[in-house]
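Colleague: This structure is in structure tokens; I'll ask about it shortly.
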Amino acid sequence: MHTIQISLYVLILLIGLALIFDFMNGFHDAANAIATVVSTGVLKPQTAVAMAALFNFVAIFVVGLHVAGTVGKGTIDPGIVDQYVIFGALVGAIVWNLFTWYYGIPSSSSHALIGGLVGAAVAKSGTSALVGGGLWKTVQWIILSPLMGFVFGSIIMLIVSWIFVRSTPRRVDKWFRRLQLISAASYSLGHGGNDAQKTIGIIWMLLIAVGQVPAGGETPPLWVIVSCYGAISFGTLFGGWRIVKTMGQKITKLKPVGGFCAESGGAITLLIASHFGVPVSTTHTITGAIVGVGSAQKMSAVRWGVAGNIVWAWIFTIPASAFVAALAWWVGHHIM
């Protein structure tokens, strides 16, 4: 693999841009981690985001770095990576995140980044620059992650309903107001563990391209890991409030027991995906889990029109961010 030559200024600019994306990832996706616990009234918003931010960072000690390896080496050919590809990918992802945040659309930051990488890579070298195996794995999990969230969320809801069938609603509510603290923390752990690694993978890819770290290394530098987990946690602390209402109230009305089941189903899915190194969407996962919980009670409890609009946003995420990234790749040649 060739080593590209760039100035220290450009290197710092690109790393800073990556950390801005990471911050926005936490900001945008905070709703995924806290919407259920806030909408059920278990925690106040400020307390919920503080807890989510804490467990986003704690994931650094629990989850491995398999996802970072997939993003850094298994999405596009590392040999075509240069400052313009990285710039285009990050700008494409950031622009799409800003657009969907402004309109309160719970889209995927993860797939915006994947789309950005694809768009910038194709703009430079055509489709031959894409790593089919890694991208196919990502595409498969676009379908699998909400489906698994749906299945786990609905199964847990059915099991809980059977266990507490003779309990009064007041007793159930009392129990799950406490248990939802555990499920929300678990989901935040899974969110931090999967999403922070995507930015780790981008910076790792950049450092390999400029010759700062060896291409055959097993792990990125420690400062990259800590800074990326810190950035996503800090972003979560600010919270994407425009999306919280959509996730927590518009899809289906949740009680603490439903919030617990949705978060538990989502957390299981994220931890499985992180173990296998798959960069999944936390948005897709928790949406599927919320729909699963609602449909386990009755199909009419789910607002399928809202869910359908969210799915359309999922479909457009990769091509839209790829298009913006391709334009940004061209712009990058004129400003860097």
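Letter by letter, the sequence shown follows residues 387 to 722 in the working numbering.
Note that beta-carbon positions come from the ideal geometry of N, C-alpha and C, so glycine has one too.
Select from 538, 555, 412 the residue whose C-alpha is nearest the C-alpha of residue 656.
Modeller: Per the Cα distances, 538.
Colleague: Apart from the five residues just before and just after residue 593, which ones in its own chain have a Cβ nearer than 6 Å to its Cβ?
Modeller: Closer than 6 Å at Cβ, skipping near neighbours: 599.
Colleague: In chain order, what are the residue ranges of uninterrupted alpha helix (DSSP H) at least 4 long that sit wholly in the segment 443 to 494?
Modeller: For the segment 443 to 494, whole alpha helix (DSSP H) runs of length 4 or above, ordered along the chain, are 452 to 459, 469 to 488.
Colleague: Give the DSSP bridge partners of residue 516, in chain order.
Modeller: Paired residue(s): 462.
Colleague: Which residue from 645, 712, 583, 717 puts its Cα closest to that of residue 409?
Modeller: Minimum Cα distance to residue 409 is reached at 583.
Colleague: Should residue 642 be labelled buried (16 or more other beta-carbon atoms within 10 Å of its own) or exposed?
Modeller: Per the 10 Å Cβ criterion, buried.
Colleague: Just curious, the alpha helix (DSSP H) that residue 645 is in, first and last residue?
Modeller: Its alpha helix (DSSP H) spans residues 642 to 661.
Colleague: For chain E, find out if any of its Cβ atoms is closer than 8 Å to the Cβ of residue 464; answer yes or no.
Modeller: Protein chains in the displayed structure number just one, and chain E is not present.
Colleague: Does the Cβ of residue 466 lie closer than 7 Å to at least one heavy atom of the ligand SAM?
Modeller: Among the components modelled here there is no ligand, and therefore nothing to report on the ligand SAM.
Colleague: Counting along the chain, where does the alpha helix (DSSP H) carrying residue 605 start and finish?
Modeller: Per DSSP, residue 605 belongs to no alpha helix (DSSP H) and is neither H nor E.
Colleague: DSSP state of residue 583, grouped into three classes?
Modeller: If DSSP states are grouped into helix, strand and coil, residue 583 belongs with the helices.
Colleague: Cα separation between residue 412 and residue 555?
Modeller: Cα to Cα, the separation comes out at about 35 Å.
Colleague: Measuring only the C-alpha atoms, how far is residue 597 from residue 591?
Modeller: Rounded to the nearest angstrom, the two C-alpha atoms are 10 Å apart.
Colleague: When we look at the beta-carbon of residue 632 and count the other beta-carbons within 10 Å, is it buried (16 or more) or exposed?
Modeller: Residue confidence is low: residue 632 scores 49 on pLDDT, short of 50, so the model does not pin down where it sits. Its coordinate-derived value is still stated next. Label assigned to residue 632: buried.
Colleague: Just to check my reading of the structure: residue 613 and residue 452 have Cβ atoms closer than 8 Å, yes? What is that Cβ distance to the nearest angstrom?
Modeller: The Cβ separation is near 19 Å, so there is no contact.
Colleague: Please confirm whether residue 586 and residue 606 have their CB atoms less than 8 Å apart.
Modeller: Cβ distance < 8 Å, so residue 586 and residue 606 count as in contact.
Colleague: Quick one, are the C-beta atoms of residue 667 and residue 505 less than 8 Å apart?
Modeller: No, these two residues do not count as a Cβ contact at 8 Å.
Colleague: Is it right to say residue 619 is buried, meaning 16 or more other beta carbons lie within 10 angstroms of its own, or is it exposed?
Modeller: It counts as buried.
Colleague: On the CB-based measure, 16 or more other CB atoms within 10 Å of its CB, does residue 665 come out buried or exposed?
Modeller: Under this definition residue 665 is a buried residue.
Colleague: Using CA coordinates, which residue listed in 653, 601, 617, 712 is at the minimum distance from residue 676?
Modeller: Cα-wise, what sits closest to residue 676 is 653.
Colleague: By Cβ distance, which residues of its chain are closer than 7 Å to residue 400, with the 5 residues on each side in sequence left out?
Modeller: 469, 472, 473, 592.
Colleague: Name the residue from 483, 545, 715 whose alpha carbon lies nearest to the alpha carbon of residue 621.
Modeller: For residue 621, the nearest C-alpha among the options comes from 483.
Colleague: Going straight from the alpha carbon of residue 434 to that of residue 389, what length do you get?
Modeller: The alpha-carbon atoms of residue 434 and residue 389 are separated by roughly 44 Å.
Colleague: Report the rounded CA-to-CA distance for residue 718 versus residue 495, giving the unit in angstroms.
Modeller: Roughly 22 Å between the two C-alpha positions.
Colleague: Assuming residue 441 and residue 574 are in contact, meaning their beta carbons sit under 8 Å apart, how far apart are those beta carbons, in whole angstroms?
Modeller: Contact flag correct, Cβ pair sits at about 4 Å.
Colleague: I believe residue 475 touches residue 502 by the beta-carbon criterion, under 8 Å. Please report the beta-carbon distance rounded to the nearest angstrom.
Modeller: Going by Cβ atoms, the distance from residue 475 to residue 502 rounds to 4 Å, so yes, they are a contact pair.
Colleague: Should residue 566 be labelled buried (16 or more other beta-carbon atoms within 10 Å of its own) or exposed?
Modeller: By the neighbour-count rule (16 or more Cβ atoms within 10 Å), residue 566 is buried.
Colleague: Count the other C-beta atoms from every protein chain shown that fall within 10 angstroms of the C-beta of residue 393, then say buried if there are 16 or more, exposed otherwise.
Modeller: Exposed: under 16 other Cβ atoms inside 10 Å.
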